[in-house]
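Taking it in order: structure first as structure tokens, then the write-up.
Residue numbers (UniProt numbering): 1 to 421.
What follows is the structure, given as structure tokens:
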């Protein structure tokens, strides 16, 4: 039975309007495709209808663009027309078992070797230089999964250079190279197989060039900085919630947005437009202070919980008993709060992440009023920003967030906490 990869298009399995900006992008979906279908698994993509029973336009747009990427990537097999030379052909019968079957459209015709030949080699001479970054291999799965390890080389600058290796092929193996390769010769070597090989497909493909979306960051003072890994790209942005285009504001230098809001941005390079980057933010945290507990971990101080940097996190003092961890934040002035925001650590670990919480507020730091308590459902699998909306606006200057229960560990961790006005 093939493996199955279950994943949601959104951060969770159910629709929430606040997550419209967090739908997996076409590039992220393509990466998932390589890691699932490209490794012989089925990709079961969970879609979440909105209250109208329809998919949100954000979901539809991402899926359509993902579909176009797939079609464009695999439209042309650059190995077509190549001359294939195999080190061995089963029974010396090329018409039935020759390597030419690797380039036909039949999944079950195949190149096979004699029983005693389990580490053969295939040389592919292309009809001229080709540029590619995806290699596709398939076995005749009707005869079972046989190949256990292989490597691929390219003839570059007069010598063979290994560009990829893997441990299995099965019904479908897609190898996405870290960079594009230009060559006119490819060599495939089966390095481990318990029996004769039965390979049915060989393909070379070139993904469309995709411009990376820009990075949007805001510091505690409210200054927003847009950047791109491609220093030659031009960034356009909006802060009214509308989709950015090449007619939108062009980014030249950092700017301030001190209030709640949203910034959307795109990068444009060599005529190619990136996906849209989105950052939603609450009130500026400048002047806010964590007044409890005292810092004991200099590597993860309490200031990291309100520094507007998701890559850092605060870690509470170690607890030797079952008492819950808590953090008290002073906003320095009274605000009317509609909700609270908790972002768990973003380093891929779940130790210290709160699974159950309690929130209290105060106007003077002495008298506390309970506001809400509950559970962050599925936060271990989806460690994304958690928004807790209050039933009604609450006047407060101080907020106490208590982690009633942790996923694991005995020290609470917080990447960011904030409020919703």
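All C-beta atoms, glycine included, are put in the ideal place defined by N, C-alpha and C.
Pick from the options that is closest to residue i, judged by C-alpha positions
| i | options | result |
| --- | --- | --- |
| residue 82 | 150, 204, 16 | 204 |
| residue 35 | 58, 53, 21, 4 | 4 |
| residue 167 | 160, 405, 151 | 151 |
| residue 181 | 188, 172, 163 | 163 |
| residue 213 | 30, 247, 229 | 229 |
| residue 247 | 236, 256, 215 | 236 |
| residue 377 | 77, 13, 46, 9 | 13 |
| residue 374 | 366, 359, 106 | 359 |
| residue 80 | 90, 124, 400 | 124 |
| residue 55 | 345, 15, 365, 41 | 15 |
| residue 231 | 349, 60, 252, 92 | 252 |
| residue 347 | 260, 419, 312 | 312 |
| residue 293 | 319, 133, 394, 11 | 319 |
| residue 334 | 304, 365, 345, 310 | 365 |
| residue 148 | 136, 165, 22 | 165 |
| residue 302 | 414, 45, 26, 95 | 414 |
| residue 75 | 250, 418, 136 | 136 |
| residue 394 | 420, 161, 304 | 420 |
| residue 46 | 185, 10, 27, 158 | 10 |
| residue 392 | 372, 408, 381 | 372 |
Beta-carbon separation (whole angstroms), residue i vs residue j, contact threshold 8 Å
| i | j | result |
| --- | --- | --- |
| residue 383 | residue 353 | 7 Å |
| residue 174 | residue 38 | 3 Å |
| residue 120 | residue 197 | 6 Å |
| residue 222 | residue 263 | In fact, because the Cβ distance is near 12 Å, the residues do not count as touching under 8 Å. |
| residue 29 | residue 66 | 4 Å |
| residue 104 | residue 219 | In fact, because the Cβ distance is near 58 Å, the residues do not count as touching under 8 Å. |
| residue 332 | residue 288 | 6 Å |
| residue 146 | residue 172 | 14 Å between Cβ atoms; not a contact. |
Check whether residue i and residue j have beta carbons under 8 Å apart
| i | j | result |
| --- | --- | --- |
| residue 131 | residue 50 | no |
| residue 211 | residue 233 | yes |
| residue 290 | residue 276 | no |
| residue 255 | residue 224 | yes |
| residue 416 | residue 324 | no |
| residue 178 | residue 72 | no |
| residue 102 | residue 200 | yes |
| residue 368 | residue 400 | yes |
| residue 70 | residue 97 | no |
| residue 8 | residue 48 | yes |
| residue 155 | residue 183 | yes |
| residue 117 | residue 88 | yes |
| residue 134 | residue 176 | yes |
Span separating the alpha-carbon of residue i from that of residue j
| i | j | result |
| --- | --- | --- |
| residue 337 | residue 410 | 30 Å |
| residue 6 | residue 108 | 28 Å |
| residue 187 | residue 271 | 35 Å |
| residue 298 | residue 314 | 10 Å |
| residue 170 | residue 351 | 36 Å |
| residue 295 | residue 327 | 11 Å |
| residue 412 | residue 316 | 5 Å |
| residue 24 | residue 2 | 24 Å |
| residue 357 | residue 379 | 12 Å |
| residue 355 | residue 111 | 53 Å |
| residue 113 | residue 53 | 54 Å |
| residue 189 | residue 122 | 6 Å |
| residue 306 | residue 370 | 22 Å |
| residue 192 | residue 68 | 36 Å |
| residue 244 | residue 20 | 16 Å |
| residue 84 | residue 128 | 14 Å |
| residue 57 | residue 40 | 30 Å |
| residue 422 | residue 281 | In the structure displayed, the chain extends from 1 to 421; residue 422 sits before or after that span and is not available. |
| residue 422 | residue 31 | Since the first residue of the chain shown is 1 and the last is 421, residue 422 is not available in this structure. |
| residue 300 | residue 402 | 18 Å |
| residue 361 | residue 259 | 21 Å |
| residue 92 | residue 140 | 19 Å |
| residue 345 | residue 278 | 20 Å |
| residue 100 | residue 78 | 15 Å |
| residue 257 | residue 239 | 9 Å |
| residue 106 | residue 22 | 40 Å |
| residue 64 | residue 418 | 35 Å |
| residue 160 | residue 406 | 52 Å |
| residue 274 | residue 26 | 10 Å |
| residue 94 | residue 157 | 32 Å |
| residue 310 | residue 185 | 45 Å |
| residue 18 | residue 250 | 27 Å |
| residue 408 | residue 286 | 32 Å |
Check: Would you call the region 323-342 and the region 370-390 in contact, with 3 or more CB pairs under 8 Å?
Finding: yes
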